[in-house]
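Residue numbers (the working numbering), protein chains in the order written: chain G, 270 to 500; chain D, -14 to 219.
In what follows, a single structure is set out as structure tokens and then discussed.
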């Protein structure tokens, strides 16, 4: 093996490939986060609902999704779900980057199941008397959730949600199995083309670590700036 | 679906065994449990180092744990895949590659579970053991770790579930575990992806959901037994 030379992968087209992968990984993370948060909130509210069918639905969704590996989710969305679509929709999907769309679907579902549990325990940590007081003042269920319970739950919920975002960032790497051209996919591509395994994986690892570190710092800053108030 | 099951059930359960290497569901369970069993001692050592008074030990191990936890498992698998053969000087099988990656990765996660478990034991326990004349190692082994182990049990079972799910990444380096076998069957059958992947998903679900329920049951039981235990130690 020739000597370690970072310049090979940090210049020319290899750099462009890795950079494109890095950008797509970030985009996957952000889009998934934006879609997963409302879905997770809805699931958490279902699980806390007084109506047992809704609770059952929430439970099934969370347990069903969390107990299946992300890799299987990705393969199912990419290989199986399009078979269930009408022909026109399938053609549209393959014309519009099925790899990325399916990756976002799988990641969103997977992440939201985990986030739902964090949101649920955040909401549960707000004393039930808060909800009762709001209801007694004449707020409906949804307004009292929105104006009274959720704002208090947010402080408790945000730190675990940030750590779920860190998992999400790392999980985007698995999308390489369905050929989504994110960072890990591009790293394999550069490695195959350049035969520079150590350099390629070194740079890729650093890129993953840099964003992970950033998210970790963000969590620390949040907890310092907005600590959980003792109730 | 029943036609598929009739044709492929044995392949799905054990791969090509006994005419070839073990695979399928059996390999997934074997890989997941050996990874966790081997990662446990590593996790205990790293966890102890994380709370050591000796900075020369604490700082590098803390850095290592953070680096591994900030890296995707897939990255660790690729490092193992490309550099284990050079390191050991011989061709490494996919199973050993995957096992090595999982042990390192889970070691770092278990370290945090062990650390939390130990820190969950009241400080007085250590002080008491030391003042009774036990050395640090003996106090750890006979007094702290048994109590910490109890606290850690639900997290350990959950980590086992995570590990079982992580074994599916063996697919990427061509290890014939459950999801790899699933996609092989899908390629052979061609026309039934929904049934095949649905079946793979259900298999993982049964395995992992059963174990998560076990973790939940242990947690409930420990919570119920706690008042009595506290009374004893007081």
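Ideal Cβ positions, reconstructed from N, Cα and C, are used throughout, including at glycine.
Item	Value
Strictly below 8 Å CB to CB, what residues from chain D border residue 384 of chain G?	Here the premise fails: no neighbours, minimum Cβ distance about 17 Å.
For residue 55 of chain D, would you say it is in contact with chain G, using Cβ-to-Cβ distances shorter than 8 Å as the test?	yes
Taking the alpha carbon of residue 53 of chain D as the reference point, which residue from D:74, D:78, D:95, D:21 has its own alpha carbon closest?	D:95
Give a yes or no on whether the minimum CB-CB distance between residue 136 of chain D and chain G is below 8 Å.	no
Does DSSP put residue -2 of chain D in a helix, in a strand, or in coil?	helix
For chain D, check one thing: does any of its Cβ atoms lie closer than 8 Å to the Cβ of residue 328 of chain G?	no
Just to make sure I have the definition right: I need the residues of chain G whose C-beta is within less than 7 Å of the C-beta of residue 193 of chain D. Which are they?	336
On the DSSP bridge assignment, give the partners of residue 162 of chain D in chain order.	D:9
Could one say the Cβ of residue 171 of chain D lies closer than 8 Å to chain G's Cβ atoms, at least one of them?	yes
Closer than 7 Å between beta carbons: that is the criterion. Which residues of the region 340 to 357 of chain G meet it against chain D?	340, 341, 344, 345, 348, 349, 352, 353
Out of curiosity, what's the CA-to-CA distance linking residue 323 of chain G and residue 315 of chain G?	5 Å
Using a cut-off of 7 Å between C-beta atoms, extract the partners of residue 481 of chain G located in chain D.	55
In three-state terms, what does DSSP make of residue 496 of chain G?	coil
Going by C-alpha to C-alpha distance, which of G:498, G:496, G:477, G:465 sits closest to residue 275 of chain G?	G:465
Within the 8 Å Cβ cut-off, does residue 182 of chain D reach chain G?	yes
When we look at the beta-carbon of residue 396 of chain G and count the other beta-carbons within 10 Å, is it buried (16 or more) or exposed?	exposed
Alpha carbon to alpha carbon, how far is residue 31 of chain D from residue 216 of chain D? Give it in angstroms, no decimals.	Bear in mind that the predicted position of residue 216 of chain D carries a pLDDT of just 46, short of 50, making it too unreliable to give a figure here.
Relative to the C-alpha of residue 413 of chain G, which candidate in G:390, G:439, G:399 has its C-alpha closest?	G:399
Locate the alpha helix (DSSP H) running through residue 440 of chain G, then write down its first and last residues.	419 to 440
With a cut-off of 8 Å, do at least 3 Cβ pairs link the region 448 to 468 of chain G to the region 404 to 418 of chain G?	no
Measuring from the CB of residue 482 of chain G, is there a heavy atom of the ligand ZN at a distance below 7 Å?	The ligand ZN is absent from the structure shown, which contains no ligand whatsoever.
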